[in-house]
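Below is one structure, written out as structure tokens, with a few remarks after it.
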Amino acid sequence: MAEVFDLVVVGMGVGGEEVVTRTAGAGMKVLAVERKLVGGECPYWGCIPSKIMVRASIALAEGARVNGLAGRATMAPDWSPLAQRVREATAGWDDTAAVKRHEDAGARVLHGSARLLGPNEVEVGGERFSARRGIVLAAGTDPAIPSVEGLADAGPWTNREAIEAAERPESMVVLGAGAIGLELGMAFARFGTRVSIVESAEQALPSEEPENGKAIGAVLAAEGIALYTGTAAESVKTSDEGVAVEISDGTIIPAERLLVATGRETDLEAVGAAALGLDPGQGAVEVDGHMRAGDGIWAVGDITGKGNFTHVAVYQGRIAAADILEQEHMAADYSAVPRVTFTDPEVASVGITEAQARATGMQVTTGVAETAASARGYIHGPGAEHGVIKLVVDAERSVLVGASAMGPMAGETISTLTLAVRGAVPLSILSNLIYAYPTFTRGIDDALSNLS
Numbered sequence: 314m315a316e317v318f319d320l321v322v323v324g325m326g327v328g329g330e331e332v333v334t335r336t337a338g339a340g341m342k343v344l345a346v347e348r349k350l351v352g353g354e355c356p357y358w359g360c361i362p363s364k365i366m367v368r369a370s371i372a373l374a375e376g377a378r379v380n381g382l383a384g385r386a387t388m389a390p391d392w393s394p395l396a397q398r399v400r401e402a403t404a405g406w407d408d409t410a411a412v413k414r415h416e417d418a419g420a421r422v423l424h425g426s427a428r429l430l431g432p433n434e435v436e437v438g439g440e441r442f443s444a445r446r447g448i449v450l451a452a453g454t455d456p457a458i459p460s461v462e463g464l465a466d467a468g469p470w471t472n473r474e475a476i477e478a479a480e481r482p483e484s485m486v487v488l489g490a491g492a493i494g495l496e497l498g499m500a501f502a503r504f505g506t507r508v509s510i511v512e513s514a515e516q517a518l519p520s521e522e523p524e525n526g527k528a529i530g531a532v533l534a535a536e537g538i539a540l541y542t543g544t545a546a547e548s549v550k551t552s553d554e555g556v557a558v559e560i561s562d563g564t565i566i567p568a569e570r571l572l573v574a575t576g577r578e579t580d581l582e583a584v585g586a587a588a589l590g591l592d593p594g595q596g597a598v599e600v601d602g603h604m605r606a607g608d609g610i611w612a613v614g615d616i617t618g619k620g621n622f623t624h625v626a627v628y629q630g631r632i633a634a635a636d637i638l639e640q641e642h643m644a645a646d647y648s649a650v651p652r653v654t655f656t657d658p659e660v661a662s663v664g665i666t667e668a669q670a671r672a673t674g675m676q677v678t679t680g681v682a683e684t685a686a687s688a689r690g691y692i693h694g695p696g697a698e699h700g701v702i703k704l705v706v707d708a709e710r711s712v713l714v715g716a717s718a719m720g721p722m723a724g725e726t727i728s729t730l731t732l733a734v735r736g737a738v739p740l741s742i743l744s745n746l747i748y749a750y751p752t753f754t755r756g757i758d759d760a761l762s763n764l765s
């Protein structure tokens, strides 16, 4: 006979954790199932350890920037303390503390692969469980490995192997110039790895505005990172020396290591989504504004296709938990989802791009301000030479529908713009705010002055 719970949560990344924390805390009998580590990608192979790597690489870059600003400095990069700090941050890729936290809150935690058997029924390791209230799908995503001749035999790294690296390779080819590829590529390069990045789109960070895609390309060039855009890997050959990647234009790039950062994918078939009436071929679970995917079914996180971001998963988890507990809550709104690529300088954006806005038929005006031309950019000097703040305006309503920023601490600047987009703050108010001087955020005022 199946053991009965109030709620079964399949997947314990940050979205699943948010649901479990809130529902178990409210007194529900909750079963939490995780096939890897409780906490998911973010604390072990994503947000936290990768930004520790980024922080270390920025320290090296800032040290080099002392020259011409405050004297002279010589950098001697050492991977060992960075690798040690990553191990400490991830507890050696051990989730004991995370499991205990949820068990202390009243949830039961199981490690294993869950398979859905039907409405309110799930199997884990041969044991069957049922859920009175329902099931929450939070199974997340895994790195997507493209179909390239010889790639599988090359033992490619994904972000997980890169994060766990005890030593840095002498050279590396990175497939994909999105956030993961650029963050890790830049970090390894600053520690002395010779890095080449291959991107099939015409610019790095293809989902971002072309102004900042062009600017980050200039940054990579200045760092000595080779960027190949508008091309893709055709084949990979392996030897004792490493790999040789042939790309579409015939160029062959040799390297010790190959890092794949071409996106992420979910496997709905493996979790048995069809048993709940869901289409496993869709690649994402469609949810309404309350995270409902059907009667007694909720889904949160990457699996919903609303953005592979920790902050989205936590946001969705909060909504799902409130809906499950029948608490008053607002429906999800994705009009102002911020995203930040933690390169140096950072690239951040919210809402839609100019091209996306024009594709809707919207009457669009834009305003652009160069980061380097601002007072704070001049003060900052090295590290602030590239990037812009760009505003995308619905001219008919006179509100922002999108914005981007590139520069030091752009991830902080974007919060002001996120509020403006989400709250549909009129331009008349934004233009009459008093922006602290001299800050990078004051560039918003400069961009507003340049609207056309």
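Each residue of the sequence shown is one higher than the last, beginning at 314 in my numbering.
Glycine included, each C-beta is placed from N, C-alpha and C at the ideal position.
Keep in mind the model is a prediction, meaning the values are calculated, not measured.
Rounded to the nearest angstrom, what separates residue 346 and residue 668 at their Cα positions? 41 Å
Are residue 572 and residue 472 touching if we call contact CB-CB under 9 Å? yes
Using a Cβ-Cβ cutoff of less than 8 Å, which residues in the same chain neighbour residue 431 once the five nearest sequence positions on both sides are dropped? Here the set comprises 588 and 589.
What does DSSP give as the partner residues of residue 739 in its beta bridges? 712
Take residue 655 and list the residues in its own chain whose beta-carbon comes closer than 8 Å to its own, dropping the five residues that flank it on each side. 363, 364, 367, 492, 496 and 724
Nonlocal neighbours in the same chain, by C-beta distance under 6 Å from residue 499, ignoring five residues either side: 656
Helix, strand or coil for residue 589? Go by DSSP, reduced to three states. helix
Quick check for students: name the residue ranges of the alpha helix (DSSP H) that lie wholly in the segment 521 to 556, counting only runs of 4 or more. Entirely contained in the segment 521 to 556, the alpha helix (DSSP H) runs reaching 4 residues are, in chain order, 523 to 535.
Helix, strand or coil at residue 499 according to DSSP, with G and I counted as helix: helix
According to DSSP, is residue 624 part of a helix, a strand, or is it coil? helix
If we ignore side chains and look at the alpha-carbon of each, how far apart do residue 844 and residue 330 end up? This structure cannot speak to residue 844, because the chain is shown only from 314 to 765.
Give the C-beta separation of residue 522 and residue 678 to the nearest angstrom, bearing in mind that I take them to be a contact with Cβ-Cβ under 8 Å. Residue 522 to residue 678, Cβ: 15 Å. No contact.
Under a three-way DSSP split, which group does residue 724 fall into? helix
Going by the DSSP bridge assignment, what does residue 469 pair with across the sheet? Answer is none; residue 469 lacks a bridge partner.
Using the Cα positions of residue 558 and residue 470, report the straight-line distance between them to the nearest angstrom. If you draw a straight line from the Cα of residue 558 to the Cα of residue 470, it comes to about 14 Å.
Cut-off 7 Å between Cβ atoms - residues of its own chain near residue 593, not counting five sequence neighbours on either side: 581, 582, 586 and 587
Let me check one thing: in DSSP terms, what residues is residue 507 bridge-paired to? 484
Does the pairing of the segment 352 to 359 with the segment 374 to 387 give three or more beta-carbon distances under 8 Å? In short, these stretches do not touch, since the Cβ pair count stays below three.
Would you decide whether residue 719 is buried or exposed? Buried here means 16 or more other CB atoms lie within 10 Å of its CB. buried
Taking the alpha-carbon of residue 336 as reference, which of 439, 447, 519 and 316 has the nearest alpha-carbon? 447
Residue 639 by DSSP, collapsed to three states: which one? coil
In chain order, what residues of the same chain have a beta carbon less than 6 Å from the beta carbon of residue 399, not counting five sequence neighbours either side? 362 and 365
Backbone secondary structure at residue 366 - three-state DSSP: helix
Which class does residue 703 belong to by DSSP, given the choice of helix, strand or coil? strand
Hey, out of 686, 544 and 705, whose CA is closest to residue 672's CA? 705
Which of helix, strand or coil DSSP assigns to residue 729: helix
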